[in-house]
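The sequence shown begins at 0 in numbering that gives the first Met the number 0 and counts up by one.
Heads up, the beta-carbon is just placed ideally off N, CA and C, and yes, glycines get one too.
Inspection log for the structure reproduced underneath, given as structure tokens.
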Amino acid sequence: MNLGIIAHNSKKVLIEDFCIAYKNILAKHEVYATGTTGRRIEEATSLHVHKFLAGSIGGDKQFMEMVERQDLDMVILFYNPVMIDPKEPDIISIVRRCDQYNIPVATNIATAELLILGLARGDLDWRLNLK
């Protein structure tokens, strides 16, 4: 499956730790991420990550286009809800698109862990029927 990952600057270390913890699950799937997040995931885990532009310079738009084509099966967005910065990816628009196209999305570590463990168990295999 295709997994999309975005993390605001203040959440980069958290996404690295998450990807290290679940490296064995992520390794069985295709990972897509905005530029800096993708590079940091690759450096932390040695996983291959398909990288978009940095979120602030259009990577979030590339990400949303993939959501609209329903080419992502799950999205993980770690952001700081008390710090909205116009230089950061547009989280609200991405979440809306995921909701519009029925793509499971997590915006915090607790939900991300539920999704990634569900992915490992096969709980998201229904996504394969949509392709």
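- Which residues share a DSSP beta bridge with Ala-105? According to DSSP, which records beta bridges pairwise, Ala-105 is partnered with Ile-75.
- Item | For Lys-27, the three-state DSSP class (helix, strand or coil) | Annotated three-state conformation of Lys-27 is coil, per DSSP.
- Are there three or more Cβ pairs, one per stretch, closer than 8 angstroms when the stretch 66-74 is compared with the stretch 32-41? Touching, no, given that fewer than three Cβ pairs across the two stretches are closer than 8 angstroms.
- Task: Count the other CB atoms, across all protein chains shown, that sit within 10 Å of the CB of Ala-26; report buried if there are 16 or more and exposed otherwise.
- Result: It counts as exposed.
- Item | Any 3 or more C-beta pairs closer than 8 angstroms across the stretch 12-24 and the stretch 90-107 | Counting Cβ pairs under 8 angstroms, fewer than three are found: no touch.
- C-beta contact flag for Val-12 and Ala-32 at 8 angstroms: No, these two residues do not count as a Cβ contact at 8 angstroms.
- Query: DSSP on Leu-118, reduced to helix/strand/coil?
  - Reply: Helix at Leu-118.
- Message: Going by DSSP, what residue range makes up the beta strand (DSSP E) through Ala-6?
- Response: Here the beta strand (DSSP E) through Ala-6 covers 1-6.
- Task: Just tell me which of Asn-107, Leu-116 and Gly-54 has its CA closest to the CA of Pro-80.
- Result: When each option's Cα is compared against that of Pro-80, the closest is Asn-107.
- Message: Does the beta-carbon of Tyr-100, which I'm using as the reference point, lie nearer than 7 angstroms to any heavy atom of the ligand GTP?
- Response: In terms of ligand content, the structure shown is empty, and the ligand GTP therefore cannot be addressed.
- From Ile-14, Leu-2 and Asn-8, residue whose alpha carbon lies closest to that of Ala-109: Per the C-alpha coordinates, the member of Ile-14, Leu-2 and Asn-8 positioned closest to Ala-109 is Ile-14.
- Task: Leaving aside the five residues before and after Arg-6 along the sequence, list all residues of the same chain whose C-beta is less than 6 angstroms from its C-beta, in chain order.
- Result: Note that residue 6 corresponds to Ala in the displayed sequence, not to Arg. Ile-14, Thr-36 and Phe-77.
- In angstroms, rounded to a whole number, what distance separates the CA positions of His-28 and Lys-60? Cα to Cα, His-28 sits roughly 22 angstroms from Lys-60.
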